[in-house]
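First comes the structure, then the notes that go with it.
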Amino acid sequence: MRRVRGIALVLVLWVLALLGTLAMGYSAISRTEALLTRNTVDGARLRAAAEAGLALAVMGVGQPDPLLRWRSDGTIYVGRFDDMDLR
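The sequence shown begins at 4 in our numbering and counts up by one.
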């Protein structure tokens, strides 16, 4: 009877070790997925801001009114897009 108890204890410890390893793997995968999602969203926001900045620059340079037209003398023009400053 003692031998059976010893084998059962070893089996239970192996199962617990396996479950712990699976839990750590699942935790690592969940964290990686969350980081990947956040990076994808940030990348999309930054790309949209860059495109908005280009559109703003094209509009500024192409203004028909000479007083409103952007000059190409190094002047910094600032715009806003999605809580970001465009320069």
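Every residue gets a Cβ at the ideal spot worked out from N, C-alpha and C, and that includes glycine.
query                                                                                            : result
Span of the beta strand (DSSP E), counted from its first residue to its last, around R90         : Per DSSP, R90 belongs to no beta strand (DSSP E) and is neither H nor E.
Under 9 Å between C-beta atoms of M87 and A52                                                    : yes
Identity of the residue in A20, W73 and V13 nearest A58 by Cα                                    : W73
Distance between beta carbons of A55 and F84, contact taken as under 8 Å                         : 4 Å
Close Cβ partners of R48 (< 7 Å) along its chain, the five nearest in sequence each way excluded : D85
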